[in-house]
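> In UniProt numbering, the protein residues as written are 1 to 91.
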(Lines of atoms letter the chains of each structure in order from A and count residues from 1; the text may use other names and numbers.)
(Lines give C-alpha, C1' and ligand atoms only; values in the text may rest on other atoms or scores of the structure.)
Protein backbone atom coordinates (compact mmCIF):
# COMPACT_ATOMS: atom_id res chain seq x y z
CA UNK A 1 0.00 0.00 0.00
CA UNK A 2 2.49 2.56 -1.12
CA UNK A 3 1.66 6.18 -0.54
CA UNK A 4 -0.88 5.39 2.15
CA UNK A 5 -0.07 6.70 5.60
CA UNK A 6 -0.28 3.72 7.93
CA UNK A 7 1.05 5.40 11.08
CA UNK A 8 -1.40 5.17 14.00
CA UNK A 9 -3.34 8.35 14.78
CA UNK A 10 -3.60 9.69 18.31
CA UNK A 11 -5.96 12.44 19.43
CA UNK A 12 -5.00 13.95 22.78
CA UNK A 13 -7.28 16.24 24.76
CA UNK A 14 -5.52 18.58 27.16
CA UNK A 15 -2.25 18.24 25.27
CA UNK A 16 -1.06 21.72 26.19
CA UNK A 17 -1.44 21.07 29.93
CA UNK A 18 1.19 19.87 32.37
CA UNK A 19 0.77 16.11 31.77
CA UNK A 20 -0.61 16.41 28.26
CA UNK A 21 2.51 17.95 26.76
CA UNK A 22 4.50 14.88 27.82
CA UNK A 23 1.88 12.58 26.34
CA UNK A 24 2.07 14.48 23.04
CA UNK A 25 5.86 14.26 22.90
CA UNK A 26 5.75 10.53 23.71
CA UNK A 27 3.17 9.97 20.97
CA UNK A 28 5.29 11.77 18.39
CA UNK A 29 8.43 9.93 19.55
CA UNK A 30 6.57 6.64 19.06
CA UNK A 31 5.91 7.57 15.44
CA UNK A 32 2.20 8.35 15.71
CA UNK A 33 0.34 11.01 13.75
CA UNK A 34 -0.59 13.17 16.70
CA UNK A 35 -3.53 15.53 17.00
CA UNK A 36 -4.10 17.82 19.99
CA UNK A 37 -7.44 19.33 20.93
CA UNK A 38 -6.81 22.62 22.69
CA UNK A 39 -8.60 25.80 23.58
CA UNK A 40 -7.86 28.60 21.11
CA UNK A 41 -4.88 30.86 21.73
CA UNK A 42 -6.06 34.38 22.58
CA UNK A 43 -4.37 37.62 23.48
CA UNK A 44 -4.85 36.63 27.13
CA UNK A 45 -3.16 33.23 26.75
CA UNK A 46 -0.07 32.55 28.82
CA UNK A 47 3.23 32.90 26.93
CA UNK A 48 4.01 29.27 27.82
CA UNK A 49 0.90 28.13 25.91
CA UNK A 50 2.07 30.03 22.83
CA UNK A 51 5.49 28.36 23.12
CA UNK A 52 3.92 24.91 23.40
CA UNK A 53 1.81 25.53 20.29
CA UNK A 54 4.90 26.58 18.32
CA UNK A 55 6.88 23.60 19.58
CA UNK A 56 4.11 21.16 18.66
CA UNK A 57 3.73 22.63 15.19
CA UNK A 58 7.50 22.30 14.74
CA UNK A 59 7.38 18.55 15.45
CA UNK A 60 4.42 17.88 13.16
CA UNK A 61 1.54 17.88 15.65
CA UNK A 62 -1.84 18.97 14.30
CA UNK A 63 -3.59 21.31 16.72
CA UNK A 64 -7.38 21.34 16.61
CA UNK A 65 -8.97 24.41 18.18
CA UNK A 66 -12.36 25.97 18.68
CA UNK A 67 -14.53 22.87 18.63
CA UNK A 68 -17.02 22.66 21.46
CA UNK A 69 -18.36 19.13 21.26
CA UNK A 70 -16.14 16.11 22.01
CA UNK A 71 -18.46 14.00 19.85
CA UNK A 72 -17.75 16.24 16.86
CA UNK A 73 -14.01 15.79 17.27
CA UNK A 74 -14.08 12.01 17.59
CA UNK A 75 -16.63 11.73 14.79
CA UNK A 76 -14.45 13.80 12.45
CA UNK A 77 -11.40 11.67 13.26
CA UNK A 78 -13.39 8.45 12.81
CA UNK A 79 -14.52 9.62 9.37
CA UNK A 80 -10.92 10.43 8.41
CA UNK A 81 -9.56 7.08 9.54
CA UNK A 82 -12.50 4.87 8.57
CA UNK A 83 -12.52 3.02 11.89
CA UNK A 84 -13.51 3.53 15.49
CA UNK A 85 -11.28 5.35 17.92
CA UNK A 86 -10.17 4.32 21.37
CA UNK A 87 -9.91 6.85 24.15
CA UNK A 88 -8.40 7.06 27.59
CA UNK A 89 -9.47 9.27 30.47
CA UNK A 90 -7.00 10.31 33.13
CA UNK A 91 -8.43 11.57 36.41
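Ideal Cβ positions, reconstructed from N, Cα and C, are used throughout, including at glycine.
Just so it is clear, the structure is predicted and the values come from calculations on it, not from any experiment.
1. Name the one or two DSSP bridge partners that residue 38 has.
2. Would you kindly work out how many angstroms separate the C-alpha atoms of residue 1 and residue 27, rounded to a whole number?
3. Report the partner residues of residue 33 according to the DSSP bridge assignment.
4. Rounded to whole angstroms, what is the Cα-Cα separation between residue 43 and residue 20?
5. Apart from the five residues on each side of it in sequence, which residues of its chain come closer than 8 Å, Cβ to Cβ, to residue 40?
6. Give the DSSP-derived three-state secondary structure of residue 52 in the structure shown.
7. What do you get for residue 37, buried or exposed, if any count of 16 or more other CB atoms within 10 angstroms of its CB means buried?
8. Return the residue from the list 10, 59, 47, 49 that minimises the CA-CA distance to residue 34.
Taking the geometry as given:
1. Residue 38 pairs with 65.
2. The predicted model places residue 1 with a pLDDT of 47, which falls under 50 and marks its position as unreliable; any figure quoted below should be read in that light. Looking at the two C-alpha atoms, the distance is approximately 23 Å.
3. Answer is 9, bridged to residue 33.
4. 22 Å
5. For residue 40, where only same-chain residues beyond five positions count, the Cβ hits under 8 Å are 65, 66.
6. If DSSP states are grouped into helix, strand and coil, residue 52 belongs with the helices.
7. buried
8. 10
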